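Report on one structure; see the data block that follows.
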Amino acid sequence: MSAALAQPVDQPVSRPAACPAAQRAAAHRHGVPGLTRRLASGLGATALFAALFAALPPAHAEAPLQPTQVPGYYRAMVGAMQVTALHDGQIQLDAKLLKNASPAQIQQALARMFRSNPTSTAVNAYLVNLGSRLVLVDAGAGRLFGPALGQVLANLKAAGYQPEQVDDVLITHLHGDHVGGLLTADGQPAFPRATLHVAQTEADFWLSEQRTAQAPEGMKPFFKMAQDSVKPYADAGRLKTFAAGATVLPGASAVSLPGHTPGHTGFRFTSGDASLLIWGDVVHNAAVQFPRPQVTIEFDVDGPQAAASRRQALRQTASARQLVAGMHLPFPGMGHVRAEGRQAYEWVPIDFTPLPAPASAAK
Ligand SMILES: [Zn+2]
26 MSAALAQPVD QPVSRPAACP AAQRAAAHRH GVPGLTRRLA SGLGATALFA ALFAALPPAH
86 AEAPLQPTQV PGYYRAMVGA MQVTALHDGQ IQLDAKLLKN ASPAQIQQAL ARMFRSNPTS
146 TAVNAYLVNL GSRLVLVDAG AGRLFGPALG QVLANLKAAG YQPEQVDDVL ITHLHGDHVG
206 GLLTADGQPA FPRATLHVAQ TEADFWLSEQ RTAQAPEGMK PFFKMAQDSV KPYADAGRLK
266 TFAAGATVLP GASAVSLPGH TPGHTGFRFT SGDASLLIWG DVVHNAAVQF PRPQVTIEFD
326 VDGPQAAASR RQALRQTASA RQLVAGMHLP FPGMGHVRAE GRQAYEWVPI DFTPLPAPAS
386 AAK
């Protein structure tokens with residue numbers, strides 16, 4: 026349908042409601058009553074509508090396309106906590122990176138969810154306002170992977186916060202798309218007051234000089250990204266490590282989900298009866314890995330262990346009806362997991378929900 030045809034059709038519904046007298050006057054100007062009488066006797070409804078639209082004035086101006094998307098943040102309440110999903114950008118994930126399924130099976134899973142290859146995949150971070158502390162979980166890619174990523178800081182500001190307000194940054198794992206955003210363009214800490222929290226196992230692996238030296242050449246850049254991103258915080262005495270399963274902050278406990286990386290960790294935030302599990306990279310490709318949890322990805326340090334952690338996370342979150350957030354789930358990446366038969370699952374995203382009115386305005 027052309028814009029010229031669409032415009033008159035849209036016009037009546039976009040006008041504010043007029044009083045009956047004004048409607049009669051407008052109808053008279055457009056010649057509608059006379060037409061109606063003549064057409065109603067002999068013509069069908071289709072012809073009547075066509076004649077009505079032809080009688081309306083032509084379009085006045087073409088509206089230009091808008092060049093920007095809405096800001097990449099979304100807020101949700103979890104008990105008394107306010108969680109803000111922050112969009113870092115989109116990466117294009119090639120299906121060639123996926124293992125443990127045939128190309129035909131992967132293609133079928135993508136097509137079923139109206140996805141293509143490469144699959145546009147979100148990179149998300151989450152800002153959790155505990156009331157007493159402002160906590161960021163992961164920081165996006167910063168400048169490590171080009172201009173399609175690196176928007177966490179801009180979206181945090183768009184959401185009404187300043188980086189100086191962040192008290193703690195919890196890291197699910199030390200891959201570049203999760204820690205690159207810890208630094209500004211000139212290599213300074215992007216969150217100048219924050220303490221960085223990393224699982225001990227994760228730090229032992231990626232921050233080890235010995236492991237870096239032993240790593241195959243293709244893996245060495247991953248070690249460098251991890252070390253560079255963490256260094257200014259460590260130098261300032263603001264890098265803390267935690268044990269698997271530890272309470273990292275009041276209301277936030279570590280959930281060990283190893284395999285993707287040795288210390289890969291989810292964080293469960295609890296407020297009263299409500300909780301949110303931010304599970305990091307349990308799922309990279311939602312279309313493929315929910316129905317086929319055994320599918321792993323090239324970046325997994327230990328593929329079989331990653332698949333086992335994923336199966337366990339999917340089973341537990343589905344049966345507990347646990348609210349989940351994931352760094353590579355379609356933005357805002359929050360929702361629930363539903364079991365679909367044996368060892369297959371479906372992702373059920375949350376709906377857009379207005380925030381509750383502030384207590385002072387609720388009277
Ligand atoms: Zn990732």
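Residues 26 to 388 (the numbering used here) make up the sequence shown, in order. We treat Cβ as the ideally placed atom computed from N, Cα and C, and that holds for glycine. Every value quoted in this text rests on a predicted model; they were computed, and no experiment measured them.
Taking 7 Å as the cut-off, is the C-beta of residue i nearer than that to any heavy atom in ligand 1?
i: M244; result: no
i: H289; result: no
i: H389; result: Given that the chain is displayed from residue 26 to residue 388, the structure contains no residue 389 and the question cannot be resolved.
i: M352; result: yes
i: D193; result: no
i: D202; result: yes
i: D306; result: yes
Excluding five sequence neighbours on each side, which residues of the same chain lie with their C-beta closer than 7 Å to the C-beta of residue i?
i: Q190; result: L159
i: R168; result: G175, G205 and A210
i: L232; result: A251, Q252 and V255
i: S296; result: V103, G104, A105, M106 and G276
i: L122; result: I322 and E323
Taking the alpha-carbon of residue i as reference, which of the options has the nearest alpha-carbon?
i: D202; options: I131, V95 and D113; result: D113
i: S141; options: V320, A312 and H285; result: A312
i: Q213; options: P355, A261 and A238; result: A261
i: P287; options: A88, A183 and R236; result: R236
i: G243; options: A184, L152, E323 and A259; result: E323
i: T209; options: E227, G175 and N180; result: G175
i: T272; options: V255, N310, A224 and P241; result: A224
i: L195; options: F292, Y258 and Y186; result: F292
i: R263; options: F216, S344, T93 and Q187; result: F216
i: V280; options: P241, P96 and G305; result: G305
i: G165; options: P241, P374 and H200; result: H200
i: P257; options: A219, V373, L282 and L380; result: A219
i: K124; options: A101, W372, S344 and D325; result: D325
i: A333; options: Q239, T144 and H285; result: H285
i: A345; options: G351, L282, L274 and D298; result: D298
i: L155; options: K265, F230 and F294; result: F294
i: L282; options: V307, K265 and A259; result: V307
i: H289; options: K245, G351 and A259; result: G351
Just how far apart, CA to CA, sit residue i and residue j?
i: A269; j: L90; result: 50 Å
i: E234; j: G206; result: 23 Å
i: Q115; j: V148; result: 6 Å
i: A134; j: T197; result: 27 Å
i: Q337; j: D376; result: 26 Å
i: S300; j: A86; result: 50 Å
i: M138; j: R317; result: 13 Å
i: I131; j: A382; result: 44 Å
i: T321; j: A88; result: 46 Å
i: P329; j: R335; result: 10 Å
i: Q94; j: N180; result: 12 Å
i: A331; j: T378; result: 33 Å
i: A126; j: F267; result: 35 Å
i: F247; j: A228; result: 13 Å
i: V177; j: R367; result: 37 Å
i: L348; j: G360; result: 6 Å
i: G358; j: P96; result: 15 Å
i: A186; j: L221; result: Inspection of the sequence shows that residue 186 is occupied by Tyr rather than by Ala. Taking the straight line from one Cα to the other gives about 18 Å.
i: Q239; j: K249; result: 13 Å
i: Q341; j: A364; result: 10 Å
i: F315; j: T226; result: 27 Å
i: L380; j: W372; result: 23 Å
i: R100; j: D163; result: 17 Å
i: L302; j: A129; result: 32 Å
Short of 6 Å in beta carbon distance, which residues of its chain neighbour residue i, apart from the five on each side in sequence? Order them along the chain.
i: S385; result: none
i: T146; result: I116, L118 and H353
i: A184; result: Y98 and T109
i: L339; result: P318, V362 and Y370
i: L161; result: L152, V191 and V194
i: H309; result: I322 and H353
i: S278; result: T272 and R293
Per the DSSP calculation, residue i is bridged to which residue(s)?
i: Q115; result: A147
i: F294; result: A277 and L301
i: T220; result: D193
i: M359; result: A350
i: M106; result: V103
i: F154; result: Strictly speaking, residue 154 in this sequence is Asn, with Phe absent from that position. In DSSP, N154 forms a bridge with Q107 and L159.
i: P374; result: G360
i: P214; result: L208
i: T237; result: The partner list for T237 (beta bridge, DSSP) is empty, contrary to what the question assumes.
From the beta carbon of residue i, is the nearest beta carbon of chain E less than 8 Å away?
i: A179; result: Going by chain labels, chain E is absent from the structure shown, which holds only one protein chain.
By Cβ distance below 8 Å, which residues in the same chain neighbour residue i in space, the five residues on each side in sequence not counted?
i: P143; result: Q117, L118, D119 and A120
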